[in-house]
Amino acid sequence: MRNKKKDIVLSSLIWSCAAITVAVLVGVIGYILVNGLPNMTWNFLTTTYSAAKSGSKGILPMIINTLYVIVISLLLGTPVGIGSAIYLTQYAKQGRLVSAIRFATEVLSGIPSILFGLFGYAVFVVLFQLKLSLISGSLTMMICILPTIVRTTEEALLAVPSSYKEGAMALGTGKLRVTMGIILPCAMPGVLTGVILAMGRIVGETAALLFTVGVSGNAMPKGDNIFNALFGHVFEQGNTLALHLYNSAMNGKDPVSVPFATASALLIMVFALNRLAGFLSRRFKK
Amino acid sequence: MEINSHNVLRGENKVRHNRLRLASCLFGILTLASIVLPFSSFLFDEYTVHLTGLQLITSNIRFSPELLIQIPIGMRICLVLSLVLTVSGLVLMLLRKYMFSSFALFGASLSAILEIIFVASVTQEASKAGISTVSGGMLYGWILFFVMALISAILALSISGLEKSAETVFKISASISIGIVIIITLYMFIYGSPAIFEIGLGKFIFGTEWQPTASDPKFGILYMILASVFGCLGAIALGVPIGLMTAVFLAEIAPGWLKSIVRPAVELLAGIPSVIYGFWGMKLLVPFIRNVFTKLGYDTTGSGLLAVILILAIMILPTIISVAESALKSVPPAYTEASLALGNTKISTIFAVQIPAARSGILAGVILGVGRAIGETMAVIMVAGNIVQLPGLFSSVRPMTAGIAFEMGYAAAGLHRQALFAIGLVLFVFIMLVNITFTFISKRGVQMDAK
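Next up, the structure:
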């Protein structure tokens, strides 16, 4: 009898904890979306921003800057991450180097983003004289996303049945050919999952970008021709969506609808990326 | 017959090697030669300057006898470095160290790319001198240098065979993360330690006064450390039980349909960016705490340690849930079955058998949560209130991370900025300790499970 009472107490504890978890999620997302979605108009998404003018509070420059950071850091980080996963799964023999690489990846994934921000500031902004610019931020983000890409790619590569590899090897195919022609294509959905997860991380990242891309860059890419506009912008300051949310929430100059709408846009972007990653990895498992 | 064909093959290989070597050397020499071609151009209004690679190293831009614009030292270093690397690449090629030779040549082309960085600082200096600048850019000489060095590097790499060079390339990209960790560690110490030496380790860590901008500046971060540690401990005390119970729910109790609601919810929780948590805390949690506790008779603005603890507890939930769930699932079913066969109920089996058996995994999750909580910045900075004082549950605090992020924006170069890097160093040491403990425990956990 006593046991039964204890059981009821404990199981209601378990149920209520699970309920708390779900309630917190609903509370956070619901609050942001309810307050933000009505303000997230088409006009808001497609006009430029000016801190001084009360009429122009759009977030188009921030969306573009976020895309810049995503593209550059993925261009730099993905090859390195995939190459390193290929080495770990296909070439490496257990030894000191491998355990050092694993330890390093673990350490990198544990370092908080504010320290990446300090590091990026010291190395890219000050030492390389890249100043506060999108390229400094992207280089910093490349380091942040490296562990994610390495880990997911590694898992995806390991999940490819070894019979594929053995079959190809038995036909006399070289190791590189087997890796690039058979194993990597088979693992592609898994690799893409990692890339998309990394995109989610970049979109939401704030602390690492705070002192590397600068918070005052609200300009659109511009130049005398499209080439200059496109590439010149890389070396300019650029506010990303997440940074803009922090800024407009903290400076108190913008009307409160601006951070709410920015937060909603950010949430929707992150969730879309997460769903995409989940979808891909489920397809991969089949 | 067989031996003969082998010899022929070897001979062919040798001829191929020699050809490739020759071509690679040729491109290397072309690389060196292209230094006399125009490398970069600066368009000032009414004034255009083209400089060859050699001129970039040796001369500056002279507008008039008194107005001289310096070529940045970094540009010179990059250029000289790429020259030195090209030469050493050629020498290594003659010594038949093809792999190293190609690395040197790759390095040469990379450091040529780095020169772009410094173009902007020339135009900036010009505008400081009162000359309106139109643009600065790199010319075909530089592009030629870069492309030639790259081709020569690829040729050198192909001599040693595709398979072997591919392996080396993979190995290098894998080693990059080791390099990054080493560089980060070095930089944290290089940038962080001067302030600690100047202030004194004891004064810095145990000092209670933080007045970086006063005329007699004081740099003591004890209250920041305490705020970080208390915030983290509070979050663990609150988040771990809830997370663990949710993990139990997911692993053992929940019916299938409920699982398919709760699990995506946990995933979503993990995906929400920290700045959104911070914003939510700032807009909803802080006013809530203010209203409730003002009614209860406390004098509070709402932001402070309690808000930090609540936000951090929410943020570490997903980590703890996912790690604890996989730890619970890896408990051998024989344990559970044995306990059930002895007549224990399902609930008491969970608490008396499964959770103790999964304790090393759960502990690993807790440690991961500690790392997350102590390093969290954006969410904390938005709800902490940011006043450096003895942490109290309802009064404003400033944890270490918030201190760095908050002051980096306006800290003048000098001791203040160095002190911020020193806080970063303290944080880094904390995190490394947490990481090492985590690695140790998860390894020991595996060994324990093996036994």
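Respectively, the protein sequence lines represent chains W and L. Residue 459 is where the first sequence starts when you use the working numbering, and the numbers rise one by one after that. Residue 8 is where the second sequence starts when you use the working numbering, and the numbers rise one by one after that. Note that beta-carbon positions come from the ideal geometry of N, C-alpha and C, so glycine has one too.
query	result
Considering Cα atoms alone, identify which of L/Leu-99, L/Pro-406, L/Lys-135 is closest to L/Leu-313.	L/Pro-406
Along the chain, where does the beta strand (DSSP E) that runs through L/Ser-48 open and close?	45 to 51
Under 8 Å: do the stretch 296 to 306 of chain L and the stretch 704 to 720 of chain W share three or more Cβ pairs, one atom per stretch?	no
Within the stretch 52 to 118 of chain L, note down every full beta strand (DSSP E) run reaching 3 residues or more, in order along the chain.	54 to 59, 68 to 71, 74 to 76
Taking the continuous alpha helix (DSSP H) assigned at W/His-702, which residues delimit it?	699 to 709
Please list the residues of the stretch 586 to 616 of chain W that have a C-beta atom closer than 8 Å to any C-beta atom in chain L, keeping them in chain order.	Phe-586, Gln-587, Leu-588, Lys-589, Ile-601, Leu-604, Pro-605, Val-608
Specify the secondary structure class of W/Phe-586 as computed by DSSP and reduced to three states.	coil
Determine which residues of the stretch 500 to 524 of chain W have a Cβ less than 7 Å from any Cβ of chain L, and write them out in chain order.	none
Could you give the DSSP three-state label for W/Gln-552: helix, strand or coil?	coil
Using a beta-carbon distance below 8 Å, is L/Tyr-198 in contact with chain W?	yes
Can you give me the C-alpha to C-alpha distance between L/Glu-122 and L/Met-82, rounded to a whole angstrom?	5 Å
So does the stretch 246 to 255 of chain L actually touch the stretch 366 to 378 of chain L, counting three or more Cβ pairs closer than 8 Å?	yes
Return the chain-ordered list of same chain residues with a C-beta closer than 6 Å to the C-beta of L/Leu-432, the five sequence neighbours on each side being excluded.	Met-195, Gly-199
Between the Cα of W/Gln-695 and those of W/Pro-679, W/Ser-531, W/Val-661, W/Asn-709, spot the shortest distance and give me the residue it belongs to.	W/Pro-679
Using 8 Å as the limit for Cβ to Cβ distance, is L/Ala-457 near chain W?	Its pLDDT being 49, under 50, L/Ala-457 is placed unreliably in this model, and the coordinates cannot settle the point.
Rounded to a whole number of angstroms, what is the C-alpha to C-alpha distance between W/Asp-465 and L/Phe-358?	10 Å
What would DSSP say about L/Phe-226, mapped onto helix, strand or coil?	strand
Can you find the residues in the same chain that come closer than 7 Å, C-beta to C-beta, to L/Lys-458, ignoring five residues on each side of it along the sequence?	Its pLDDT being 47, under 50, L/Lys-458 is placed unreliably by the model, and nothing is read from it.
State the start and end residues of the unbroken alpha helix (DSSP H) segment that holds L/Lys-336.	312 to 336
Locate the alpha helix (DSSP H) running through L/Ala-467, then write down its first and last residues.	No statement about residue 467 of chain L is possible, as the shown extent of chain L runs from 8 to 458 and does not include it.
How would you label W/Ser-535, buried or exposed, when you count the other beta carbons within 10 angstroms and need 16 or more for buried?	Correcting the residue identity first, residue 535 of chain W is Gly in this sequence and not Ser. By the 10 Å Cβ count, W/Gly-535 comes out buried.
Closest Cβ-Cβ distance between L/Leu-346 and chain W: below 8 Å?	Inspection of the sequence shows that residue 346 of chain L is occupied by Ser rather than by Leu. It does not; no Cβ of chain W falls within 8 Å.
So what does DSSP say about W/Lys-761, is it helix, strand or coil?	With chain W represented from 459 up to 744, any question about residue 761 of chain W goes unanswered, as that position is not in the structure.
Strictly under 8 Å for the Cβ-Cβ distance: is W/Phe-729 near chain L by that measure?	yes
For a contact defined as C-beta to C-beta under 9 Å, what are the partners of W/Tyr-704 on chain L?	Val-282, Gly-285, Phe-286, Met-385, Ile-388, Met-389
Of the choices L/Gly-96, L/Leu-422, L/Val-436, L/Leu-44, whose alpha-carbon is the least far from that of L/Ala-202?	L/Leu-422
When DSSP builds the beta bridges, which residues end up paired with L/Gln-218?	L/Lys-225
Would you be able to state if there are at least three C-beta pairs under 8 Å between the stretch 104 to 121 of chain L and the stretch 161 to 176 of chain L?	yes
Which residues, in chain order, does the stretch 530 to 546 of chain W contribute to contact with chain L at a C-beta distance below 9 Å?	Pro-537, Val-538, Gly-539, Ile-540, Gly-541, Ser-542, Ala-543, Ile-544, Tyr-545, Leu-546
Contact criterion: CB-CB distance below 8 Å. Does L/Leu-169 meet it with respect to chain W?	yes
Per DSSP, L/Gly-2 is paired with what?	Limits of chain L in this structure are 8 at one end and 458 at the other, which puts residue 2 of chain L out of reach.
Counting pairs of Cβ atoms below 8 Å between the stretch 264 to 281 of chain L and the stretch 324 to 334 of chain L, do you hit three or more?	yes
Do three or more CB pairs link the stretch 180 to 189 of chain L to the stretch 552 to 566 of chain W at distances below 8 Å?	yes
Could you tell me which chain W residues have their CB closer than 9 Å to the CB of L/Thr-130, listed as they occur along the chain?	Simply none; closest approach about 11 Å.
Tell me the residue span of the alpha helix (DSSP H) that contains L/Ile-354.	353 to 356
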